[in-house]
Structure formats: structure tokens, C-alpha cells
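Below is one structure, written out as C-alpha cells; the observations come after it.
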Amino acid sequence: MTNDCVQVFVKRYPLLRKFIRQFNPEQLNTYWSGDITYIRTQQGWLYLAIIMDLCSRRVISWAFSDKPNSELTTRALRLAVQKRRACRNVVFHSDQGCQYTSAVYQSSLKEFGVESSMSRAGNCLDNAVTERFFRSLKSEQ
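My numbering applies: residue 2 is where the sequence shown begins, and numbers increase by one.
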């Protein structure tokens with residue numbers, strides 16, 4: 002993406018403003034990303050929500066559930082906050098799924114002092130790091 006394209010993109014999608022400029026942050030606990038995927042088990046489908054620190058590219062928390070709802074994503078968020086503790090001023094990036102846009106999840110972000118950033122609708126490239134992790138995970142199953 003050229004610099005001119007980035008400027009236009011940032012104006013159109015202000016929620017991504019901080020995220021675009023810091024896709025490769027230099028410090029831990031500045032930018033996190035998250036997403037949900039499904040995994041087939043012998044008992045049926047399970048949903049996995051993860052949160053990654055974009056500096057280390059490591060998963061810092063995860064949660065499983067038989068339902069892909071905001072309780073699942075909120076549980077993963079709470080675990081990340083417990084593990085990292087220093088999460089004030091973190092920018093959390095996700096897609097625009099109902100699990101992340103829900104009042105429950107958004108109020109949890111505010112409670113912990115985490116700022117929300119969201120991808121453009123239907124654009125998985127805006128959350129490419131997390132999508133790549135899921136691709137690797139599923140190819141190793």
C-alpha cells in the first residue's frame with residue numbers, strides 16, 4: 002500500500018487509523034488483535050477465540066466454547082488482561098463480527114482501558130496476522 006493510499010484509507014476508516022501505522026509495533030502490550038475460528042472435534046464443532054500481541058506475534062490468551070458468542074470473546078479478553086496486567090492504552094484490533102461489536106464486549110474493553118479498532122467489513126486482510134495464525138493452526142491438525 003503506497004503512502005497516498007494509506008492517507009485515503011485512514012480518512013475513510015478512522016477506526017483503523019492507529020492500527021495501520023503500527024502493524025509491527027516495537028513494544029509489547031501496545032497492539033493486540035483477535036479473532037474466532039471453528040475447529041471440528043469428535044463431539045462436534047468448537048469455537049476458538051484468541052488474542053495475539055502484534056509485537057511478539059504470540060497468542061497471549063485463548064478460550065473455547067461450543068457457541069461463537071460475546072461471552073467467548075470476553076473470556077479471552079479477560080484472560081489476556083490477567084496475564085499481561087499492563088493493558089491500559091492497548092489498541093485491540095478485530096473484525097466487525099457481532100461478538101466484538103456487542104455492548105458486552107465493548108464495555109469490557111472500556112473497563113480495562115483498551116481501545117477498539119476494527120477491520121473494514123468483509124476484509125480479512127485487515128486482520129492478516131490473526132488469520133495467518135489460524136491458517137497455520139488448521140494446516141497442522
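Where is the CB? At the ideal position from N, CA and C, for every residue including glycine.
Fill in: Rounded Cβ spacing between PHE65 and TYR48 (contact assumed at less than 8 Å)
Taking the sequence shown and counting its residues from 1, the one referred to as residue 65 is at position 64. Taking the sequence shown and counting its residues from 1, the one referred to as residue 48 is at position 47. Correct: roughly 7 Å between the Cβ atoms.
Worksheet item: Between which two residues does the alpha helix (DSSP H) carrying SER140 extend?
Response: Walking along the sequence shown from the start, residue 140 turns up at place 139. Counting along the chain, the alpha helix (DSSP H) containing SER140 begins and ends at 129-140.
Worksheet item: Which of the three DSSP states, helix, strand or coil, is assigned to SER108?
Response: Here the question's residue 108 lines up with position 107 in the sequence shown. The DSSP-derived three-state label of SER108 is helix.
Fill in: Nearest to CYS88 (by Cα), restricted to the options PHE135, GLY114 and MET119
Sequence index remark: in the sequence shown, residue 88 carries index 87 (1-based). Here the closest residue by C-alpha is GLY114.
Worksheet entry | Whole-number beta carbon distance between VAL60 and PHE134, since they are thought to touch under 8 Å | To locate residue 134, count along the sequence shown from 1; it is residue 133. To locate residue 60, count along the sequence shown from 1; it is residue 59. Yes, PHE134 and VAL60 are in contact; Cβ-Cβ is about 7 Å, under 8 Å.
Practice prompt. Could you tell me if TRP33 is buried or exposed, where buried requires 16 or more neighbouring beta carbons within 10 angstroms of its beta carbon?
Written response: Here residue 33 is taken as the residue at index 32 of the sequence shown, counted from 1. With 16 or more other Cβ atoms within 10 Å, it is buried.
Fill in: Sequence-distant residues of its chain with Cβ nearer than 8 Å to VAL105 (five each side left out)
Here residue 105 is taken as the residue at index 104 of the sequence shown, counted from 1. SER71, GLU72 and THR75.
Fill in: Residues bridged to ILE61 (per DSSP)
Counting from 1 along the sequence shown, the entry for residue 61 is found at position 60. DSSP output for ILE61 lists no bridge partner at all.
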